[in-house]
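Colleague: In the order they appear, the protein sequences are chains A and B. Read left to right, the first sequence gives residues 0 to 373 (numbering that gives the first Met the number 0). Read left to right, the second sequence gives residues 0 to 184 (numbering that gives the first Met the number 0). From the three backbone atoms N, C-alpha and C, an ideal C-beta is built for every residue, glycine too.
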Amino acid sequence: MKNRDDLDPLIAKKLEKLDEIPQRNSRRAAEGKTAFLKAAGSLKESVSPEDIRRHKNWKEQPSTNSVFRRKEYKPMFSTITAIILAISLLLGGSGATVAAAQASLPGDFLYDVKLLSEDALMGLTANPEDQLDLALNLVDRRAEEIQSLLDSGEIITDETQTQYRDQIEEAIMLSLSLPEDQVVQALEKVQTRLQTEEQTLLQTRTNGSESAIMALTQVRDTIQERLQIIENGQLNLLQIQEQLQNQQQLNNPDQKSTNAPTEAGSELAPGTGDGNPWTEGTPTPGSSYGPGESNNPFAEGTPTPGSAYGPGGNNMDSTDTISVEENSINGSGAGVSNGSGSSSGSVYHTLTPTRTPKAAGGSGTGSQSSGGNR
Amino acid sequence: MTAPNEQTLLKRAKSYDTEALGLIYDLYSPALYRYAYRLLGDENMSEDCVAETFSRFLNVLQNNQGPEKYLKAYLYRIAHNWITDSYRRQAPVMVEMDETIPDLELVKPDFQVDKRIEKQQIRLALRTLTPDQRQVIILKFLEGWQNEEVAAALEKPLGAVKALQHRALETLRLYLVKQENGSTL
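Okay, here's the thing in structure tokens:
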């Protein structure tokens, strides 16, 4: 019994001590059984073996698997996502997005990001010359986008053409904001770019659709209009510069080749212009063109005396304002033009940048200089 | 050991057959209680051991696990692990006077005290063994199991069980001899 026959007597004797077991408490035994069966019953209600097998059935049945896919249906997808996310974080997150957006075209999802990044870059550029260079590059970029769209046979929307036109105008405006001695050069730069782009567009092949040909024609018209505006504006500015130089030579015979204003200008009496509308609200009222009090050597003998530059005082520190209005090539704007009352003069449109030539012949006083052809 | 009956009970138990589970409880809980009491020497802890053993058994059924056969050996293994854990949780209980000893004429109080001391001494001797050695000694020499059953309970080969038994008996003998010599000095 109990395998103790061959045991060491000492061990057998000691183990016999443990044979005596007190009677188990029947009540506690019954309670234990009741608790056990109750727990088993609750498990039977809540969890059945069928529920466990159900998941296996889903995996095994292709018909249900195609509709109710498991979470791990594409385990590699999460892996690839994690890799892409890690690379994006390593490359700088949003920086990667902006970089990816640079190749987008109008209509693409990231094109707005591209425009925003360009605006941000422009905002971060402080030097006006650098701003102009950046604006010219953006003009090229808009043109390239249009060419890409035409090459791929996509539609050139009005918005795309508007963006291109706005970019050209921004470049022109930035040119005019440069110091006077750089304006003409800057405008020439814009002109060269536009001419190059026009030639490129001439060589661009479309898919032959009517909309593509129309869009290409409209873009070319836009370029030609702006080229015409720039050409006229260059003429005006050159004349203005010549007048400025002549004025300086008269005031300072010793300094023949400088555009810088001299102190003599301040000694002259201010003009008394009565009505150049373009000078209203300028920072230096009274310095604009118009009939002034003193003799203006340049106002005399002009084709239409007093029309553009009225006889005014010799104020060298005058300020003029260039009014920009679209389609005003043949319109007014004589306030800054070559002195003829019916100038071909205002180069600019829509926007009204304020330019401050440091000397202007025949400048008058007052913000209400005549301007001649109001 | 009735293997076919065990397998039938196990199959029914896995579908939460209340009758089968009740039969399993009635069949094995008294033996498990004795087994626990021999090692623990405490009625409450022995009941706790039985309750926890069957609770763990339900858990493995719920997880669609558990034994395919040798249910008795499986339950003893659960109980043995619980007892081993209880050894780790608490220090050995010192022998104390029990005030609830029945005051029978045939049972002298000093005799009862001696018996309890002797039981506690052998329990302390068993605790000097490894868990596997202790289980072999209890199952074979106190529960009267055959080597094959013990091997099933331990999930070890028969030869390993014999080796465990041999080393356990040697360790136990040395301990008891040393204890005897100490008490006689």
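Judging by CA-CA distance, which residue of B:Q6, B:L141, B:W81 is the nearest neighbour of B:L70?
Modeller: The residue you call residue 70 of chain B lines up with position 71 of the second sequence. Closest by alpha carbon: B:Q6.
Colleague: What's the C-alpha gap between A:L88 and A:L133?
Modeller: Walking along the first sequence from the start, residue 88 of chain A turns up at place 89. Walking along the first sequence from the start, residue 133 of chain A turns up at place 134. About 29 Å.
Colleague: From the DSSP output, in three-state form, read off A:L135 for me.
Modeller: Taking the first sequence and counting its residues from 1, the one referred to as residue 135 of chain A is at position 136. Here A:L135 sits in helix by DSSP.
Colleague: Nearest-angstrom Cα distance between B:Y174 and B:P66?
Modeller: Mapped onto the second sequence, residue 174 of chain B falls at position 175. Mapped onto the second sequence, residue 66 of chain B falls at position 67. Cα to Cα, the separation comes out at about 36 Å.
Colleague: Output yes or no for whether 8 Å exceeds the beta carbon distance between A:L31 and B:E46.
Modeller: Residue mapping note: residue 31 of chain A aligns to position 32 of the first sequence, counting from 1. Residue mapping note: residue 46 of chain B aligns to position 47 of the second sequence, counting from 1. First, the residue type needs correcting, since residue 31 of chain A is Gly and not Leu in the sequence shown. Taking 8 Å as the Cβ cut-off, A:G31 and B:E46 qualify as a contacting pair.
Colleague: Would you say A:L9 reaches chain B, if we count a Cβ-Cβ gap shorter than 8 Å as a contact?
Modeller: Translated into positions along the first sequence, residue 9 of chain A becomes position 10. So, interface residue.
Colleague: Say yes only if the C-beta of A:L175 is nearer than 7 Å to one or more non-hydrogen atoms of the ligand FMN, and no if none qualify.
Modeller: Absence of the ligand FMN is noted for the structure shown, with no ligands found whatsoever.
Colleague: Which residue wins for smallest C-alpha separation from A:E168, given the options A:S151, A:M213, A:R141?
Modeller: Within the first sequence, numbered from 1, the residue matching residue 168 of chain A stands at position 169. Cα-wise, what sits closest to A:E168 is A:R141.
Colleague: For A:I145, which of A:R225, A:A102, A:T80, A:Q227 has the nearest alpha-carbon?
Modeller: Taking the first residue of the first sequence as position 1, residue 145 of chain A is located at position 146. When only C-alpha atoms are compared, the closest one is A:A102.
Colleague: Looking at the structure shown, is B:K155 part of a helix, part of a strand, or coil, going by DSSP?
Modeller: Taking the second sequence and counting its residues from 1, the one referred to as residue 155 of chain B is at position 156. It is coil, neither helix nor strand.
Colleague: Check the Cβ of A:A29 against every Cβ in chain B and list those closer than 8 Å, keeping chain order.
Modeller: Translated into positions along the first sequence, residue 29 of chain A becomes position 30. None at all; the shortest Cβ gap to chain B is about 10 Å.
Colleague: Taking the alpha-carbon of A:T374 as reference, which of A:E230, A:Q160, A:A211 has the nearest alpha-carbon?
Modeller: Absent from the structure is residue 374 of chain A, since the part of chain A shown begins at 0 and ends at 373.
Colleague: Name the chain B residues that come within less than 7 Å of A:R23, Cβ to Cβ?
Modeller: Taking the first residue of the first sequence as 1, we reach residue 23 of chain A at position 24. Going along chain B in sequence order, the residues near A:R23 (Cβ under 7 Å) are P29, Y32.
Colleague: Would you mind reading off the limits of the alpha helix (DSSP H) that contains B:A30?
Modeller: Locating residue 30 of chain B in the second sequence gives position 31, counting from the first residue. 17-39 is the extent of the alpha helix (DSSP H) around B:A30.
Colleague: Please confirm whether B:L171 has its beta-carbon closer than 8 Å to some beta-carbon of chain A.
Modeller: In the second sequence, counting from the first residue as 1, residue 171 of chain B sits at position 172. True, the Cβ-Cβ gap to chain A drops below 8 Å.
Colleague: How about B:L8: is its C-beta nearer than 8 Å to some C-beta of chain A?
Modeller: Along the second sequence, one-based indexing puts residue 8 of chain B at 9. B:L8 does not count as touching chain A.
Colleague: Note down the Cα distance separating A:E15 from B:Y34, rounded to an integer number of angstroms.
Modeller: For the purposes of this step, residue 15 of chain A is identified with residue 16 of the first sequence, where counting begins at 1. For the purposes of this step, residue 34 of chain B is identified with residue 35 of the second sequence, where counting begins at 1. Between A:E15 and B:Y34, the C-alpha separation is close to 14 Å.
Colleague: Tell me the residue span of the alpha helix (DSSP H) that contains B:P66.
Modeller: The sequence position of residue 66 of chain B within the second sequence is 67, counting from 1. Unbroken run through B:P66: none, as it is neither H nor E.
Colleague: Between the Cα of A:L135 and the Cα atoms of A:E187, A:T203, A:K37, which residue gives the shortest distance?
Modeller: Counting from 1 along the first sequence, the entry for residue 135 of chain A is found at position 136. Checked all of A:E187, A:T203, A:K37; the closest Cα to A:L135 is A:E187.
Colleague: Closer than 8 Å, CB to CB, is B:E5 near chain A or not?
Modeller: On the second sequence, position 6 is the one that residue 5 of chain B refers to. No, its Cβ sits nowhere closer than 8 Å to a Cβ of chain A.
Colleague: Would you report the Cα separation of A:M172 and A:D165, rounded to the nearest angstrom?
Modeller: Position 173 of the first sequence, counted from the start, is the residue given in the question as residue 172 of chain A. Position 166 of the first sequence, counted from the start, is the residue given in the question as residue 165 of chain A. Between the alpha carbons of A:M172 and A:D165 lies a gap of roughly 10 Å.
Colleague: For A:I155, which of helix, strand or coil comes out of DSSP?
Modeller: Counting from 1 along the first sequence, the entry for residue 155 of chain A is found at position 156. A:I155: coil per DSSP, three-state reduction.
Colleague: With a CB to CB cut of under 8 Å and the five nearest residues on each side skipped, what residues in its chain are close to A:A11?
Modeller: Mapped onto the first sequence, residue 11 of chain A falls at position 12. Within the same chain, A:A11 has close Cβ partners R3.
Colleague: For a contact defined as C-beta to C-beta under 8 Å, what are the partners of A:R3 on chain B?
Modeller: As a working note, residue 3 of chain A is residue 4 in the first sequence. Chain B residues near A:R3: F140.
Colleague: Output needed for A:I239: all residues of its chain with C-beta closer than 6 Å, excluding positions within five of it in sequence on either side, in chain order.
Modeller: Position 240 of the first sequence holds residue 239 of chain A. Annotation note: pLDDT 49 at A:I239 (below 50); position unreliable, coordinate value reported separately. Once the five neighbours on either side are set aside, A:I239 has no close Cβ partner at all.
Colleague: Would you check if the distance between the CB atom of B:Y75 and the CB atom of B:L138 is smaller than 8 Å?
Modeller: On the second sequence, residue 75 of chain B is found 76 positions in, with the first residue counted as 1. On the second sequence, residue 138 of chain B is found 139 positions in, with the first residue counted as 1. At a Cβ-Cβ threshold of 8 Å, B:Y75 and B:L138 count as neighbours.
Colleague: What are the boundary residues of the alpha helix (DSSP H) that A:N2 is part of?
Modeller: Stepping through the first sequence from its first residue, residue 2 of chain A is reached at position 3. Neither: A:N2 is in no alpha helix (DSSP H) and is coded neither H nor E.
Colleague: With DSSP as the reference, label B:L128 as helix, strand or coil.
Modeller: Taking the second sequence and counting its residues from 1, the one referred to as residue 128 of chain B is at position 129. In this structure, B:L128 counts as coil in the three-state DSSP scheme.
Colleague: To the nearest angstrom, how far is it from the Cα of B:N43 to the Cα of B:A50?
Modeller: Residue mapping note: residue 43 of chain B aligns to position 44 of the second sequence, counting from 1. Residue mapping note: residue 50 of chain B aligns to position 51 of the second sequence, counting from 1. Approximately 11 Å, taken between the alpha carbons.
Colleague: Using 8 Å as the cut-off, can you tell me whether the region 110-123 of chain A makes contact with the region 151-158 of chain A, which would need three or more C-beta pairs spanning the two stretches below that distance?
Modeller: Contact fails: fewer than three Cβ-Cβ distances are below 8 Å.
Colleague: Short of 7 Å Cβ to Cβ, which residues in the region 62-76 of chain B face chain A?
Modeller: Going along the region 62-76 of chain B in chain order, one finds N63 with a Cβ nearer than 7 Å to chain A.
Colleague: For A:R192, count neighbouring C-beta atoms within 10 Å of its own C-beta (all shown protein chains included) and say buried if the count is 16 or more, exposed if not.
Modeller: Residue numbering aside, residue 192 of chain A sits at position 193 when the first sequence is read from its first letter. It is buried - the Cβ of A:R192 has at least 16 other Cβ atoms within 10 Å.
Colleague: Provide the residue span of the alpha helix (DSSP H) that contains A:P8, from first to last.
Modeller: Counting from 1 along the first sequence, the entry for residue 8 of chain A is found at position 9. A:P8 -> alpha helix (DSSP H) spans 8-15.
Colleague: Should B:L168 be labelled buried (16 or more other beta-carbon atoms within 10 Å of its own) or exposed?
Modeller: The residue labelled residue 168 of chain B in the question sits at position 169 within the second sequence. Buried, since its Cβ has 16 or more Cβ neighbours within 10 Å.
Colleague: Using the beta-carbon of each residue, which ones in chain A are nearer than 9 Å to B:E42?
Modeller: In the second sequence, residue 42 of chain B corresponds to position 43, counting from 1. Going along chain A in sequence order, the residues near B:E42 (Cβ under 9 Å) are P21, R23, N24, R27.
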